[in-house]
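First comes the structure, then the notes that go with it.
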Amino acid sequence: MPLANTPTSVPVLVDAEKCIADKGCTVCVDVCPLDVLRISEDTGKAYMKYDECWYCMPCEADCPTNAVTVTIPYLLR
Amino acid sequence: MQSDARMDEIRDGLSEVECDVLVLGGGTAGPMAALRAKKKNPKATVILLEKANVKRSGAISMGMDGLNNAVIPGYATPEQYTKEITIANDGIVDQAAVYKYAENCYDIIQELDRFGIRFQKDENGEYDVKKVHHLGTYVLPMPNGETVKKALYRQLRRERILISNRYMATRLLTGPTGRVAGVIAFNTRTAEFIVVKAKAVIMCMGAAGRLGLPVSGYLYGTYENPTNSGEGYAMAYHAGAALANLECFQINPLIKDYNGPSCAYVAGPFGGYTANSRDERFIECDYWSGQMMQEFYQELVSGKGPVYLKLNHLQPETAEHIEDILHKVERPSRGRFHENRGTRYAQSMIEMHISEIGFCSGHSASGVFVDDFARTTVPGLYAAGDMASVPHNYMLGAFTNGAIAGEDAMGFADGHDFESFDAGDVAAEQTRIMAPTTREDGLPPNQIEYKVRRFVNDYLQPPKVTAKYEIAQRRFAEIRQDAEERMMVRDAHELMRAAEVWSILDCADMAAYASLYRTESRWGLYHMRADYPERDEDNWRCHVLLSKKDGEMHCEKRDVAPYIVPISDEEMGAYYRQRITATA
Amino acid sequence: MMFEPVGDDEVELLIERLADGDPEVRRVALIELANTAQPEAVAPIAKAVEDPDAGVRLQAAISLGEFDGFEAAEALGIALVDADARVAQAASDSIAELKAPEAAAALLPLVEHVSGFVRASALRGLKALRHPEALAIGVKAMKDPEPGVRAQAVGVVGYLKAEESLPALIAACRDADAEVRRTAAGALAFSKSPHAADALIGVLADEGWAVRECAAETLGKSRFDQARGPLAGLLDDDVWQVRVKAIRSLGQLKAKEAVDRIAQSLHHEVSNLRKEAAAALGEIADPAALPHLEALVNDPDPDVRKNVRWALSRIGAATG
Ligand SMILES: Cc1cc2nc3c(=O)[nH]c(=O)nc-3n(C[C@H](O)[C@H](O)[C@H](O)COP(=O)(O)OP(=O)(O)OC[C@H]3O[C@@H](n4cnc5c(N)ncnc54)[C@H](O)[C@@H]3O)c2cc1C
Ligand code: SF4
Ligand code: SF4
Chain A
59 MPLANTPTSV
69 PVLVDAEKCI
79 ADKGCTVCVD
89 VCPLDVLRIS
99 EDTGKAYMKY
109 DECWYCMPCE
119 ADCPTNAVTV
129 TIPYLLR
Chain B
3 MQSDARMDEI
13 RDGLSEVECD
23 VLVLGGGTAG
33 PMAALRAKKK
43 NPKATVILLE
53 KANVKRSGAI
63 SMGMDGLNNA
73 VIPGYATPEQ
83 YTKEITIAND
93 GIVDQAAVYK
103 YAENCYDIIQ
113 ELDRFGIRFQ
123 KDENGEYDVK
133 KVHHLGTYVL
143 PMPNGETVKK
153 ALYRQLRRER
163 ILISNRYMAT
173 RLLTGPTGRV
183 AGVIAFNTRT
193 AEFIVVKAKA
203 VIMCMGAAGR
213 LGLPVSGYLY
223 GTYENPTNSG
233 EGYAMAYHAG
243 AALANLECFQ
253 INPLIKDYNG
263 PSCAYVAGPF
273 GGYTANSRDE
283 RFIECDYWSG
293 QMMQEFYQEL
303 VSGKGPVYLK
313 LNHLQPETAE
323 HIEDILHKVE
333 RPSRGRFHEN
343 RGTRYAQSMI
353 EMHISEIGFC
363 SGHSASGVFV
373 DDFARTTVPG
383 LYAAGDMASV
393 PHNYMLGAFT
403 NGAIAGEDAM
413 GFADGHDFES
423 FDAGDVAAEQ
433 TRIMAPTTRE
443 DGLPPNQIEY
453 KVRRFVNDYL
463 QPPKVTAKYE
473 IAQRRFAEIR
483 QDAEERMMVR
493 DAHELMRAAE
503 VWSILDCADM
513 AAYASLYRTE
523 SRWGLYHMRA
533 DYPERDEDNW
543 RCHVLLSKKD
553 GEMHCEKRDV
563 APYIVPISDE
573 EMGAYYRQRI
583 TATA
Chain C
18 MMFEPVGDDE
28 VELLIERLAD
38 GDPEVRRVAL
48 IELANTAQPE
58 AVAPIAKAVE
68 DPDAGVRLQA
78 AISLGEFDGF
88 EAAEALGIAL
98 VDADARVAQA
108 ASDSIAELKA
118 PEAAAALLPL
128 VEHVSGFVRA
138 SALRGLKALR
148 HPEALAIGVK
158 AMKDPEPGVR
168 AQAVGVVGYL
178 KAEESLPALI
188 AACRDADAEV
198 RRTAAGALAF
208 SKSPHAADAL
218 IGVLADEGWA
228 VRECAAETLG
238 KSRFDQARGP
248 LAGLLDDDVW
258 QVRVKAIRSL
268 GQLKAKEAVD
278 RIAQSLHHEV
288 SNLRKEAAAA
298 LGEIADPAAL
308 PHLEALVNDP
318 DPDVRKNVRW
328 ALSRIGAATG
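Protein chains in written order, with the numbering used here: chain A, 59 to 135; chain B, 3 to 586; chain C, 18 to 337.
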C-alpha cells in the first residue's frame with residue numbers, strides 16, 4: 059500500500075523572529091522528550107516536524123528567547 | 003549542530019563501549035541509581051543511557067506537584083505505611099521492599115533537598131506535610147517542583163556520569179549462564195547501533211504508558227509520558243526475567259480530554275474533592291487503589307455520573323491558588339486547556355474521567371519482579387521505579403529504590419567480571435530493528451500502533467471478559483504478523499516509533515495472558531473479571547509471575563513472602579466491608 | 018556524539034565563545050556553560066552579568082541559578098540592580114535558589130539597598146540560608162516601609178526560630194499588610210511562650226480570613242490551652258474554611274466544653290465542615306457528643322460517615 063500525506067495542525071508554534079537557532083541554539087530540540095522538534099534547513103529556525111506532542115512544555119519553558127508556544131492538540135481541546 | 007536532513011537520515015553503524023554499571027532510562031529512578039552507583043565506587047564507570055534527553059525526560063519532565071507517599075518521622079511510621087500499602091493491594095505484597103522504602107525515603111528527601119529540589123516548608127522552615135489519606139499523613143507538596151529535573155541533571159554533570167542521550171535500548175544481552183552482559187540500543191536520530199557491555203544493568207525505563215488509547219484517540223495524549231512505551235517490560239521479558247502481577251493494570255483518575263492528573267493530592271489539603279454530578283463526595287476507599295478506581299468507574303457509569311473535581315465551594319482566593327499551582331508545575335499546559343474551555347475552578351466543577359490502561363507500579367502494583375535490593379530474577383539485572391514490582395512507588399519510590407539499586411548493582415559489579423555474550427544476538431537484533439527500513443512500501447508504524455491500542459481498549463479494558471480477551475489475543479497475533487511483514491519507515495525517527503510498536507505489542511500480549519491466568523477478581527477495577535467476579539483467597543492469594551520459558555509466555559503462582567508487619571483479619575476485613583457497601 | 022561532553026576542555030571552548038561579537042552566540046555559550054555544572058564555569062558566567070547586551074545578562078542571571086556559593090551570589094547581586102527589569106527579576110529568582118551558607122555574605126549588604134525590590138530579593142535569598150547575622154537585619158527590616166520587604170523579613174526571622182525575635186514577630190501580627198500578618202502568625206508556631214499565644218489569640222479577630230485561618234491552625238498545633246475559648250468563638254466565622262481550622266484545633270486541644278458548639282457544624286451544608294466536626298468530636302471523645310453523632314451515621318458523604326463511625330468508636334472506648 060503506498061503512503062499518502064494527511065495534513066495535521068501541529069500544536070507547537072515557533073516565532074521565527076525570536077528564535078536564535080541560526081546562532082547555535084538547539085535548546086528546544088534537545089529537551090523535547092518526544093524528539094519532535096527540528097531546526098529547519100530552509101529557515102534556520104526551529105519548527106515542529108512530527109505531530110507527536112505530549113504538551114508537556116519544556117520546549118517553551120527552556121527557550122531562552124520565549125520563541126515557543128505550546129497549545130493543546132486539537133483532538134483534545 | 004547537525005542539519006535537519008542529516009539529523010534523521012538512517013546510517014549504518016555499530017560501536018561498542020563498556021562500563022561497570024549501566025543505567026537504562028534517565029527519568030527519575032535512573033539518575034538516582036547512577037549517582038548512587040558512582041558514589042559507592044567513584045573509580046568505576048557508570049553510563050546512563052536515555053531514549054530522550056536526561057535534562058527533561060520521564061514522568062517528571064516538567065516537574066512534580068509533590069511527594070504522594072513521604073514517610074517522615076513524626077507524621078508516619080514505616081510500619082503504618084507498610085500496613086496501608088499491603089491492605090490497599092489486597093494483601094499481595096512482599097513487604098520487605100515496601101518497608102525498606104519507607105525506612106529510607108526520608109534520607110532521600112533530605113538528599114534531594116541538598117540537590118536544590120525544594121519541598122514545601124512552613125514559616126519556621128519545617129517540612130509542611132499534609133494529611134490527605136484517611137489514616138496516615140504522607141503528602142509533601144513541592145511548590146517549586148519544576149526545578150526537579152534541572153537539579154538532577156546538574157548533579158549528574160557535576161559527578162561526571164557518562165550520559166548517552168537519544169539512545170533507545172531494545173534488547174538486553176545475556177550470557178551462557180543467563181547473567182546479564184549488557185544492552186543493545188540505537189540512536190533515534192541516526193539509527194546507528196551501540197552495544198554497551200556492563201557488569202550490572204539497572205532498568206529504570208518507566209511505565210508502559212502507550213498501551214491503552216486515550217479517549218481522544220490521540221496516540222500521544224496519554225496519562226504517562228508517551229516516551230515510556232514499555233521497552234522495560236519487553237526487554238526484561240525477553241531476557242528471561244519474571245514479571246509480577248501484570249494483570250493488576252494501572253488506571254488513573256484524570257481530567258477528561260486533557261488526560262492529565264486530577265491532583266486530588268494537591269487539592270485535598272485545601273478542601274477540594276472528587277464529587278458526582280450531585281456535588282456529593284462518593285469515594286469510600288481510604289487509599290489510592292484499584293478499589294478506589296472501581297468506585298470511580300461505577301459512579302461514572304451510574305445515574306450520578308459523570309465525576310468532577312470540586313473546588314467551587316472554596317474561597318475564590320483558595321481556588322485561584324490551586325489553579326496557580328496546577329497550572330504551573332506538573333502539567334502546565336493544563337491552564338491552557340481550561341482556558342480553551344472557559345473553566346475557572348472557583349466557578350465550575352471540572353469534569354473527570356479514567357485513564358487508558360497501562361502498567362505502572364508507581365500508581366498500582368505490577369512490574370518486573372524485584373526483591374528488596376531491586377534485584378530481578380536475572381543475575382546482575384536490576385529494576386527500579388514505575389517498571390519494578392514494588393507497589394505504589396510514585397516519585398519518591400523511584401528515587402529511593404533507584405538509590406537502593408545503584409548501590410547494590412555497584413556491589414555486584416565490583417565482585418564480577420564482564421559476562422560474555424553471543425555476537426549473533428547482536429546481529430539478529432540489528433536485523434529485527436532494521437527490517438522496516440528495507441521495505442519500499444508498507445504500513446507506517448503509527449497506523450499499526452493505533453490498531454493495537456484500539457483493540458487494547460476494545461477488549462482488554464476492564465471489566466475483563468474471557469472471550470473478549472481471546473479475541474484480542476488473535477487480533478494481536480495478526481497485527482504482529484503485519485508488523486513483521488509490512489511495517490516500513492522512512493527515517494531514524496520513524497524507526498524509533500517502529501521499535502516502540504514491538505514493545506507495545508509485547509505488553510498487550512502480556513496484559514492479556516496474565517489477566518486470563520488469574521481466574522478471580524482482585525484489586526478493584528484493575529483486575530475485575532466479569533466472569534470470575536469474586537475474590538478467591540483460597541486459590542489466588544499469591545503473586546502471578548509471568549516469564550518466557552522455551553520461547554513461550556508462561557505464568558506461575560508464587561507465594562506472598564511472610565509479612566514482617568502483621569495485619570490482623572479485622573484490619574483487612576474493615577477494608578473489605580467498605581468495599582461491600584460501595585458495590586452494593 | 019555518544020556521550021554528553023565531559024571535562025575541562027569543554028569549559029575552555031565555551032569561555033572562548035563568550036568573547037564572540039554576536040550577543041546571541043554569547044547567550045548560547047552561556048546556556049551550554051551552565052549545562053556543564055563545573056565550578057570553573059561560575060567565574061565566566063558571573064562576568065557576563067556586566068555584558069552590554071541585556072539578553073546576555075538575562076541568560077547569565079538565569080544560569081547563575083544553577084550554581085551556588087559566594088561568587089554566584091555576588092554576581093547575582095549585580096544583576097539584581099540591572100536597569101532591565103527582566104534581568105533583575107531573573108536574578109531575584111536565582112537568588113532564591115541559593116543554599117550555600119557562604120552566599121549570605123554577598124546578600125547581607127543588599128538588605129540596606131535603596132530599592133525595595135532589591136531589599137526584598139536579598140531577604141528572600143537569605144531565608145533558606147539561615148545565617149545568624151540575618152536575625153538582627155531581618156528584625157530591622159520588619160519595619161521597612163514596603164510591605165513586600167516586611168513579608169520577606171518575617172520569612173527570614175521565622176526560619177531562625179529565635180525566642181528573642183518574639184516581640185518583633187508579635188508586632189508584625191498587627192502589621193498594616195494582611196500577608197505580613199499571616200506570615201508572622203505562621204512564624205510564631207515555634208514558640209511555646211504565652212506571649213505568642215496571646216498574640217495569636219488576638220489575630221483570631223483579624224479582618225483577613227486567611228490570617229484568622231492561619232492563627233486558628235497555629236494555636237492548635239502549638240497546643241495552647243488558653244486558646245480554647247477564643248477558638249470556640251470562631252465557630253460562627255463567616256468563612257467555613259476558618260471554622261474548619263478552628264474545629265481541628267479544638268479537637269487537638271480536647272476542648273470538652275466546646276462539644277455542643279462544634280456539634281452545630283455537623284449540620285452545615287459544606288461537607289468538609291461536617292467531616293472536620295466529626296473528627297474533632299472523636300478526638301475529644303466526650304459522651305456528650307453521642308446524640309449529635311448518632312444522628313449523622315447516614316450522612317450522604319462517605320468521609321463524614323467514616324469520621325462519625327470513628328468518633329463513635331472512640332467515645333465508646335473512652336466510656337466503655
Ligand atoms: C502526569 C504524572 C503526574 C504524577 N504526579 C505525581 C506526584 O504528584 N507525586 C508523585 O509522587 N508521583 C507522581 N507521579 C508518579 C511519578 O512521577 C513516577 O512514579 C516516577 O516519576 C517514575 O519514575 P521512573 O524513573 O520509573 O520513570 P520515568 O521518570 O518516567 O523515567 C523513565 C525514563 O526511561 C526512559 N526510557 C524509556 N524507554 C527507554 C528505552 N527504550 N531506552 C532508554 N531509555 C528509555 C524515558 O525516556 C524516561 O526518561 C506522576 C506521574 C505522572 C505521569
Ligand atoms: S529554544 Fe527557542 S531559540 Fe532555541 S532553537 Fe528553540 S525556538 Fe529557537
Ligand atoms: S510540548 Fe513537550 S512533547 Fe510537545 S514539543 Fe514541547 S517538549 Fe516536545
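Note that CB positions come from ideal geometry on N, CA and C, so glycine has one too.
None of the values given here were measured: they were computed from a predicted structure.
- prompt: When DSSP labels each residue in this structure, what does B/Asp561 get in the three-state scheme?
  reply: Along the second sequence, one-based indexing puts residue 561 of chain B at 559. B/Asp561 falls in the strand class under three-state DSSP.
query: Which value, in whole angstroms, describes the spacing of the CA atoms of C/Val73 and B/Asp373?
result: For the purposes of this step, residue 73 of chain C is identified with residue 56 of the third sequence, where counting begins at 1. For the purposes of this step, residue 373 of chain B is identified with residue 371 of the second sequence, where counting begins at 1. Each residue's alpha carbon lies about 51 Å from the other.
- prompt: Any heavy atom of ligand 2 within a distance shorter than 7 Å of the CB on A/Ala125?
  reply: The residue you call residue 125 of chain A lines up with position 67 of the first sequence. The answer is yes for A/Ala125.
message: Counting only Cβ pairs nearer than 9 Å, list the residues of chain C close to A/Cys83.
response: For this step, residue 83 of chain A is matched to residue 25 along the first sequence. In chain order: Glu41, Arg44, Val45, Ile48.
- request: Mind listing the chain A neighbours of C/Gln76? Cutoff is C-beta to C-beta under 7 Å, in chain order.
  value: As a first step, residue 76 of chain C must be located in the third sequence, where it is residue number 59. Result: Pro122.
message: Given 7 Å as the limit, tell me if B/Asn395 has its C-beta closer than that to any heavy atom belonging to ligand 1.
response: Position 393 of the second sequence, counted from the start, is the residue given in the question as residue 395 of chain B. Checking the Cβ of B/Asn395 against ligand 1 gives yes.
message: Taking 8 Å as the cut-off, does the segment 14-21 of chain B touch the segment 85-99 of chain B (at least 3 CB pairs, one atom from each stretch)?
response: no
query: Using a threshold of 7 Å, is the CB atom of B/Leu245 nearer than that to any non-hydrogen atom of ligand 1?
result: Counting from 1 along the second sequence, the entry for residue 245 of chain B is found at position 243. No, Cβ of B/Leu245 sits at least 7 Å from all heavy atoms of ligand 1.
- request: With 8 Å as the threshold, decide whether the Cβ of B/Arg283 is near any Cβ in chain A.
  value: Along the second sequence, one-based indexing puts residue 283 of chain B at 281. It does not; no Cβ of chain A falls within 8 Å.
task: Taking only the alpha-carbon atoms, compute the straight-line gap between B/Ala54 and A/Asp100 and give it to the nearest angstrom.
output: Here residue 54 of chain B is taken as the residue at index 52 of the second sequence, counted from 1. Here residue 100 of chain A is taken as the residue at index 42 of the first sequence, counted from 1. Cα to Cα, the separation comes out at about 25 Å.
message: Does the beta-carbon of B/Arg333, which I'm using as the reference point, lie nearer than 7 Å to any heavy atom of ligand 1?
response: On the second sequence, residue 333 of chain B is found 331 positions in, with the first residue counted as 1. B/Arg333 Cβ: within cutoff of ligand 1.
Under the three-state DSSP convention, the category B/Cys107 falls into: For this step, residue 107 of chain B is matched to residue 105 along the second sequence. Three-state result, B/Cys107: helix.
field: In DSSP terms, what B/Lys470 is bridged to
entry: The sequence position of residue 470 of chain B within the second sequence is 468, counting from 1. Paired residue(s): none; B/Lys470 is not in a bridge.
message: Please classify C/Glu181 as buried or exposed, where buried requires at least 16 other C-beta atoms within 10 Å of its C-beta.
response: As a first step, residue 181 of chain C must be located in the third sequence, where it is residue number 164. It is exposed - the Cβ of C/Glu181 has fewer than 16 other Cβ atoms within 10 Å.
message: Classify B/Ala485: buried if its beta carbon has 16 or more other beta carbons within 10 angstroms, exposed otherwise.
response: Residue 485 of chain B sits at position 483 when you count from the first residue of the second sequence. Buried, because 16 or more other Cβ atoms sit within 10 Å of the Cβ of B/Ala485.
Nearest-angstrom Cα separation, counted from B/Gly232 out to B/Asp427: Position 425 of the second sequence, counting from 1, holds the residue named residue 427 of chain B. Position 230 of the second sequence, counting from 1, holds the residue named residue 232 of chain B. If I take the Cα positions, the gap works out to 21 Å.
- request: Verify the CB distance criterion: does B/Arg13 have a CB-CB separation below 8 Å to chain C?
  value: Start at 1 with the first residue of the second sequence, and residue 13 of chain B comes out as number 11. False, the Cβ-Cβ gap to chain C never drops below 8 Å.
B/Pro255 (DSSP reduced to helix, strand or coil): As a first step, residue 255 of chain B is located in the second sequence; it is residue number 253 there, counting from the start. Strand at B/Pro255.
query: Under 8 Å Cβ-Cβ, which residues of chain B neighbour C/Gln258?
result: Working through the third sequence from its first residue, we reach residue 258 of chain C at position 241. Ordered by position in chain B, the residues that pass the 8 Å Cβ test against C/Gln258 are Gly273, Leu316, Gln317, Thr320.
message: Are there any heavy atoms of ligand 4 lying less than 7 Å away from the beta-carbon of A/Pro91, as far as the coordinates show?
response: By its list of ligands, the structure shown excludes ligand 4, since it contains just ligand 1, ligand 2 and ligand 3.
Expected contact under 8 Å - CB spacing of C/Val45 and C/Ala78 to nearest Å: Numbered from 1 along the third sequence, position 28 holds the residue referred to as residue 45 of chain C. Numbered from 1 along the third sequence, position 61 holds the residue referred to as residue 78 of chain C. The pair is not a contact, with the Cβ atoms about 16 Å apart (cut-off 8 Å).
query: I think B/Arg333 touches B/Gly262, with their Cβ atoms under 8 Å apart; what is that distance to the nearest whole Å?
result: For the purposes of this step, residue 333 of chain B is taken as residue 331 along the second sequence, with counting starting at 1. For the purposes of this step, residue 262 of chain B is taken as residue 260 along the second sequence, with counting starting at 1. At roughly 4 Å, the Cβ-Cβ gap stays under 8 Å, so B/Arg333 and B/Gly262 are in contact.
- prompt: Looking only at C-alpha atoms, which of B/Asp508, B/Leu24, B/Met530, B/Glu558 sits nearest to B/Ser291?
  reply: To locate residue 291 of chain B, count along the second sequence from 1; it is residue 289. Measuring from the Cα of B/Ser291, the nearest candidate turns out to be B/Met530.
query: According to DSSP, is B/Glu353 helix, strand or coil?
result: Taking the second sequence and counting its residues from 1, one reaches residue 353 of chain B at position 351. Note: B/Glu353 maps to strand in three-state DSSP.
query: Does the Cβ-Cβ distance between B/Lys592 and B/Ile327 come in under 8 Å?
result: There is simply no residue 592 of chain B to check, as chain B begins at 3 and stops at 586 in what is shown.
message: Just verifying my parser: in three-state terms, what is the DSSP assignment at B/Met295?
response: Your numbering for residue 295 of chain B matches position 293 in the second sequence. B/Met295: helix per DSSP, three-state reduction.
task: Return the residues of the segment 60-94 of chain A that lie within a Cβ-Cβ distance of less than 7 Å from chain B, sorted by chain order.
output: Pro60, Leu61, Gly82, Thr84, Asp88, Val89, Pro91, Leu92, Asp93
query: Is it right to say A/Met106 is buried, meaning 16 or more other beta carbons lie within 10 angstroms of its own, or is it exposed?
result: For this step, residue 106 of chain A is matched to residue 48 along the first sequence. The residue in question, A/Met106, is buried, as its Cβ has 16 or more Cβ neighbours within 10 Å.
message: Would you say the beta carbon of A/Cys114 is closer than 7 Å to some non-hydrogen atom of ligand 2?
response: Along the first sequence, read from residue 1 onward, the residue named residue 114 of chain A stands at position 56. Because no heavy atom of ligand 2 lies under 7 Å away, the Cβ of A/Cys114 does not count as near it: no.
message: Can you pull the chain B neighbours of C/Glu67, defined as C-beta to C-beta under 7 Å?
response: Taking the first residue of the third sequence as 1, we reach residue 67 of chain C at position 50. Those do not exist, as C/Glu67 stays about 24 Å from chain B at its closest Cβ, beyond 7 Å.
query: Does ligand 2 have even one heavy atom less than 7 Å from the beta-carbon of A/Ala104?
result: Here residue 104 of chain A is taken as the residue at index 46 of the first sequence, counted from 1. Yes, ligand 2 has a heavy atom inside 7 Å of this Cβ.
message: Check whether the segment 359-378 of chain B and the segment 336-350 of chain B touch, using three or more Cβ-Cβ pairs below 8 Å as the test.
response: no
- prompt: If you check the beta carbons only, do A/Val72 and A/Ala125 fall under 8 Å apart?
  reply: For the purposes of this step, residue 72 of chain A is identified with residue 14 of the first sequence, where counting begins at 1. For the purposes of this step, residue 125 of chain A is identified with residue 67 of the first sequence, where counting begins at 1. Against a cut-off of 8 Å, the Cβ pair of A/Ala125 and A/Val72 comes out as a contact.
Identified DSSP bridge partners for B/Thr176: Within the second sequence, numbered from 1, the residue matching residue 176 of chain B stands at position 174. B/Thr176 pairs with B/Val182.
query: If you measure from the beta carbon of A/Val128 to each beta carbon in chain B, is any gap under 8 Å?
result: Position 70 of the first sequence, counting from 1, holds the residue named residue 128 of chain A. A/Val128 counts as touching chain B.
- prompt: Going by beta carbon distance, what residues of the same chain come within less than 7 Å of B/Leu518, once the five residues before and after it are set aside?
  reply: Locating residue 518 of chain B in the second sequence gives position 516, counting from the first residue. Counting only Cβ-Cβ distances below 7 Å, and skipping sequence neighbours, we find Thr468, Tyr471.
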